[in-house]
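Step one of this worksheet: look at the structure below.
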Amino acid sequence: MTATPTTALADLPVSDVDPFAHDVLEDPLPVHQELREAGPVVRLSRYDVLALARYEEVHAAAVDWQRLESGAGVGLANYRTEQPWRPPSVLLEADPPRHDAPRRVLGRVLGQRALHRLRARWVADAEQLVDEVLGAGLEFDAVRAIAQVFPLRVFPDAVGIGPRGGRTCCPTATTRSTPSGRPTTWSRRGNRGWPSCPAGWGSSAPGRR
């Protein structure tokens, strides 16, 4: 018997987890592990969508833009059939050739040559941040104290938005995450800020506060 798309979907493991629930957004790792253990492709019954949680499948889907396009949206909404609440992202929600021109512009800002010029300054910023964290005590959460802080210290300057623009990164990212699923506790707060936006991100150099 030859498997049809219908029978193939019927055979998939099913999970009722809600990836947009507040507790999952706060600590997604257990759900990620649950989905990886369930299978390479899992149907999320709450939204009737398919989820990939294993590296091989995620990588294969990410590079297969011809069949798994981003131009129709990168969340639950299908921009081919639904009106997006905002203009689609020219980088994340575009396929070649529409994606090519914005990518070239970004490449000039954050491409290999540009990053090479920024390396010395970023290394100095990283060393200063590590010294600050180590000087604050013997115990610390490396994710919250370093991994979440460092990008917000260096990228706003690198892309030209500066400290003032950098302050909007977290609330903007939170608001724009809403189309990826249903509205969440974080996204409803909008420009009032995201509770996980780390403190101290703009204090690595004079004038960056």
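Count the sequence shown with the UniProt record's numbering and you get residues 1 to 209, in order.
Beta carbons: idealized from backbone N, C-alpha and C, even for Gly.
Keep in mind it's a predicted model, so treat the numbers as computed, not measured.
Original post:
What are the complete alpha helix (DSSP H) segments, minimum 4 residues, inside the segment 92 to 120?
Top reply: Counting whole runs of 4 or more residues, the segment 92 to 120 contains the alpha helix (DSSP H) stretches 100 to 110.
**OP:** Determine, using beta carbons only, whether Gly-71 and Asp-95 come nearer to each other than 8 Å.
**Re:** Taking the sequence shown and counting its residues from 1, the one referred to as residue 71 is at position 71. Taking the sequence shown and counting its residues from 1, the one referred to as residue 95 is at position 95. Yes, these two residues count as a Cβ contact at 8 Å.
Subject >> For Ala-51, the first and last residue of its enclosing beta strand (DSSP E) >> reply: Position 51 of the sequence shown holds residue 51. Ala-51 -> beta strand (DSSP E) spans 49 to 51.
Original post:
What residues match up with Leu-44 in a beta bridge as DSSP calls it?
Top reply: Walking along the sequence shown from the start, residue 44 turns up at place 44. In DSSP, Leu-44 forms a bridge with Ser-15, Val-49.
**OP:** Out of Arg-164, Arg-86, Ala-77, state which residue places its alpha-carbon closest to the alpha-carbon of Asp-48.
**Re:** As a working mapping, residue 48 is identified with position 48 in the sequence shown. Of Arg-164, Arg-86, Ala-77, the smallest CA-CA separation from Asp-48 is found for Ala-77.
Subject >> Simplified DSSP state of Glu-34, which is helix, strand or coil >> reply: Within the sequence shown, residue 34 is the residue found at index 34, counting from 1. If DSSP states are grouped into helix, strand and coil, Glu-34 belongs with the helices.
Original post:
Apart from the five residues on each side of it in sequence, which residues of its chain come closer than 7 Å, Cβ to Cβ, to Ala-38?
Top reply: Taking the sequence shown and counting its residues from 1, the one referred to as residue 38 is at position 38. Contacts found: Pro-13, Ser-15.
Original post:
Distance, Cα to Cα, His-99 vs Asp-23?
Top reply: Looking up residue 99 in the sequence shown gives position 99. Looking up residue 23 in the sequence shown gives position 23. If you take the alpha carbons of His-99 and Asp-23, they lie about 34 Å apart.
**OP:** Give the single residue among Arg-43, Leu-52, Leu-152 whose Cα lies nearest to the Cα of Asp-11.
**Re:** Residue 11 sits at position 11 when you count from the first residue of the sequence shown. The residue with the shortest Cα to Cα distance from Asp-11 is Arg-43.
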